[in-house]
Structure formats: C-alpha cells, structure tokens
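Residue 89 is where the sequence shown starts when you use my numbering, and the numbers rise one by one after that. Take a look at the structure set out below.
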Amino acid sequence: MKKRIVLIVCLLLLISCKKEVANVAFKNIKTDEFELLVSKQQKGLLILFPGGGGSAENIKKEFDIVQKANEKGVSLLLINFARKLWIEKEDSAKLTALILETIKKNNLKTDNIYVGGMSIGGNVALTLSDYLLKNKIVAVKGAFIVDSPIDLFGLYESSVKDIQRKDFSEERLAEPKWIVSFFEERFTKDSLLSNIQQVSPFTYKTENFNNIYSLKKAKLRLYTEPDERWWKEVRKTDYESTNAYRIRKLNDLLVANSWKKVTLIETNNKGYRANGKRNPHSWSIVNVDDLLEWILT
Numbered sequence: 089m090k091k092r093i094v095l096i097v098c099l100l101l102l103i104s105c106k107k108e109v110a111n112v113a114f115k116n117i118k119t120d121e122f123e124l125l126v127s128k129q130q131k132g133l134l135i136l137f138p139g140g141g142g143s144a145e146n147i148k149k150e151f152d153i154v155q156k157a158n159e160k161g162v163s164l165l166l167i168n169f170a171r172k173l174w175i176e177k178e179d180s181a182k183l184t185a186l187i188l189e190t191i192k193k194n195n196l197k198t199d200n201i202y203v204g205g206m207s208i209g210g211n212v213a214l215t216l217s218d219y220l221l222k223n224k225i226v227a228v229k230g231a232f233i234v235d236s237p238i239d240l241f242g243l244y245e246s247s248v249k250d251i252q253r254k255d256f257s258e259e260r261l262a263e264p265k266w267i268v269s270f271f272e273e274r275f276t277k278d279s280l281l282s283n284i285q286q287v288s289p290f291t292y293k294t295e296n297f298n299n300i301y302s303l304k305k306a307k308l309r310l311y312t313e314p315d316e317r318w319w320k321e322v323r324k325t326d327y328e329s330t331n332a333y334r335i336r337k338l339n340d341l342l343v344a345n346s347w348k349k350v351t352l353i354e355t356n357n358k359g360y361r362a363n364g365k366r367n368p369h370s371w372s373i374v375n376v377d378d379l380l381e382w383i384l385t
C-alpha cells in the first residue's frame, strides 16, 4: 500500500514538473524594432512580419501563437516592419543585419529558422528568405505567407479595373487610386510590367517567380481563404482580383516546376479578426498547432 502511494506521489510530481517546464515564461525583449520571445527549449525560431500598418503587438493580438509556441519550445521574433508592399536589396540587407545582431546578442540557435508574414508581411517574408538563402547567410528551413498580395502587377491591374467602376464610393476608390498612382510613379507606366518584376515575389502574367527561386528546396506554405461570396458582397471584388486567386496560380506554377515542398492551404470560414469580425484576410486562417508541428518536423 505504501509503495503504491509513493508511486502515485512520484507520478503527480513528474506531471507537475512537466507542466512547469511547458509553462515557463518566455524571456521577453522589446525594442522599437522588434519583440523577441525566447523559449528556454529553443527548438526553433519563427520570425514573423505583420500586415500593413501592423506591429509586434498587432501580431500577438490577432495571431494566437504565443502561448502555444512557448509550450512547444519555439522562440518568436516579431518584427515591427509593415510599411512596404515589397522590399528591395537594401531593405533585405538591413533586416538581415537586425536579425543577425538579435541572434548573436541573445544566443539564439540557428538550426531551425522559419519566416512568415501576414498580407504584405508575407511578401517581406518570401523576399527576405530568398535573400538569406541566396547569399548563404541563414539556412532558412521554411517560409509561409498568409493571404499576401504576392503579384504586384496583378494588384496594379485589379486597381486599374476598380477605378473605372461607377458603383464604387470615393472612399472605396481611395486605395486603388493610390496604388495606380504610386506604382506608375515608382515603376513608370510604360515600363511598369518589366520594372515591377524586379521586386514582386511573383508575376502571373509572365509566370515569373525568380525573386523566390532560392526557396525551391525549402519548405513553403501558402495560406489563403478564397471566400468568393464575402469578397463579392463586402468588397465588391471578383475572385480573379483576390490574393487567393494569385496564390493558387503561384502554387500551380511551382508544382508544375517540380517544387516538392510547397503546400497550398485554402481554408473555409476561419478568417475572423480578434474583435470577432468576419474577414478572410486574417491571421486566424492559420491553424497554429499544425503550423508549429510543421516547424518542428
């Protein structure tokens, strides 16, 4: 009887210890440029970029990953970079310097690094990962995007079409008008297709994916929620003008070109903001448990 009681007590203590290890708080470091949450176990490092106008705080609010990453032993580096639809070599170099300095200062392991982002943050994640791999700076294991506008020329074409519509309010027209004006100024109207391909992760019109080619041997996930009805009713947008359409086209092209580690994940009714509002363009379309398993296997 005594032996049985001792055994039960030992088992309870063991379970309690395991829970304590799982619930050990992240080491948290905040700067103006990022927030770093270091797991004691350091089984992996996930670098995340927010959507347009977002921040590290916004990622934590909209993406329910912090606690689960801690339990699984995955460190998080949430970068406050959400100002650009695309990044160029200078941006990649600066972000690389920031990441390398952060890794060195905090003794972070580099054998299992993944990069991901929401919306334009996904464009940053793809381009930066390609830069890191191409220049053999960091051996990124994988990258993922969440409903990102990966085809900048496609975005331009859709915006041109939108500003010609008569059923759009001035408020609704503000974004496409800005995109058309900005793109034509930045890339010049007559040479826009040629110039924009220098920075766009993907260009469907010319089947160009040179800017992410170095990711061919890495793991790649493309998350999107193609809710045609929502886009039609709420945004008056046809499916062919959505990110989901271009993301599917990229997946098809990569598969046709023998990319073995690319996965298209199309969800249904998973997109909701933290306030409960329905929006397929949200972090919530990502299954966090599945994502962490993907990172750790």
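All C-beta atoms, glycine included, are put in the ideal place defined by N, C-alpha and C. Predicted, not measured: the structure shown is a model, and the values here were computed from it.
State yes or no: is the C-beta of residue i within less than 8 Å of the C-beta of residue j?
i: Ala231; j: Leu303; result: yes
i: Thr215; j: Ser180; result: yes
i: Ile383; j: Val162; result: yes
i: Tyr292; j: Asp239; result: yes
i: Ile267; j: Tyr311; result: no
i: Asn168; j: Ile117; result: no
i: Glu321; j: Thr355; result: no
i: Ser127; j: Phe114; result: yes
Can you look up residue i in the DSSP assignment and give me helix, strand or coil?
i: Ala110; result: Confidence at Ala110 is low in this model, with a pLDDT of 45, below 50, so its placement is unreliable and no value can be given for it.
i: Arg366; result: strand
i: Asn158; result: helix
i: Leu166; result: strand
i: Asn298; result: helix
i: Ile187; result: helix
i: Lys334; result: At residue 334 the sequence reads Arg, which differs from the Lys that was named. Reduced to three states, the DSSP call for Arg334 is helix.
i: Val374; result: coil
i: Ile383; result: helix
i: Ile208; result: helix
i: Ile147; result: helix
i: Lys193; result: helix
i: Glu321; result: helix
i: Asn339; result: helix
i: Glu121; result: coil
i: Lys172; result: coil
i: Glu313; result: coil
i: Lys307; result: strand
i: Glu115; result: Per the sequence shown, residue 115 should be read as Lys rather than Glu. In this structure, Lys115 counts as strand in the three-state DSSP scheme.
Short of 7 Å in beta carbon distance, which residues of its chain neighbour residue i, apart from the five on each side in sequence? Order them along the chain.
i: Asn283; result: Phe275, Thr276
i: Leu341; result: Glu295, Phe297
i: Ser370; result: Glu150, Gly359, Tyr360, Arg361
i: Lys229; result: Asn200, Ile201, Tyr202, Ala306, Lys307
i: Val343; result: Val350
Whose C-alpha, out of the options, is nearest the C-alpha of residue i?
i: Ile373; options: Ala362, Leu196, Tyr292; result: Ala362
i: Leu48; options: Asp377, Asn367, Lys307, Leu166; result: This structure cannot settle anything about residue 48, because the visible part of the chain is limited to 89 through 385.
i: Phe241; options: Ser143, Phe271, Trp266; result: Phe271
i: Lys307; options: Lys115, Asp377, Lys348; result: Lys348
i: Glu176; options: Pro289, Ser143, Leu281, Gln155; result: Pro289
i: Lys265; options: Lys254, Asp250, Ser279, Asp255; result: Asp250
i: Leu186; options: Leu220, Glu313, Ile300; result: Leu220
i: Lys224; options: Gly132, Leu243, Ser236, Thr184; result: Thr184
i: Lys172; options: Leu164, Pro368, Gly205; result: Gly205
i: Lys131; options: Lys118, Leu243, Ala157; result: Ala157
i: Gly142; options: Glu189, Lys193, Gly209; result: Gly209
i: Gln285; options: Tyr244, Arg260, Glu123; result: Tyr244
i: Asp120; options: Asp152, Ser127, Ala170; result: Ala170
i: Glu178; options: Val287, Glu273, Asn357, Leu261; result: Val287
i: Val212; options: Ser257, Ile153, Gly140, Arg253; result: Gly140
Report all residues from its chain with a CB closer than 6 Å to the CB of residue i; omit the five preceding and five following residues, and keep chain order.
i: Lys160; result: Leu380
i: Thr351; result: Arg309
i: Trp319; result: Thr325, Thr330
i: Gln129; result: Gly161
i: Lys182; result: none
i: Lys222; result: Ser302
i: Leu164; result: Leu125, Leu134, Ala157
i: Ile300; result: Leu214, Asp218, Pro289
i: Asn146; result: Pro138
i: Asp315; result: Pro368
Only counting the same chain, and skipping five residues up and downstream in sequence, which positions put a Cβ closer than 8 Å to that of residue i?
i: Asp377; result: Lys156
i: Arg334; result: Pro237, Ile238, Asp239, Gly242, Phe290, Tyr292
i: Phe122; result: Ala144, Leu165, Leu166, Ile167, Asn168, Leu186, Thr190
Please list the segments of the beta strand (DSSP E) lying wholly inside the stretch 210-241, counting only runs of 3 or more residues, in order along the chain. Within the stretch 210-241, the complete beta strand (DSSP E) segments of 3 residues or longer fall at 230-234, listed in chain order.
Write down every uninterrupted run of the alpha helix (DSSP H) in the stretch 248-291 whose length is 4 residues or greater and which is fully enclosed by it, in chain order. 258-275, 280-284
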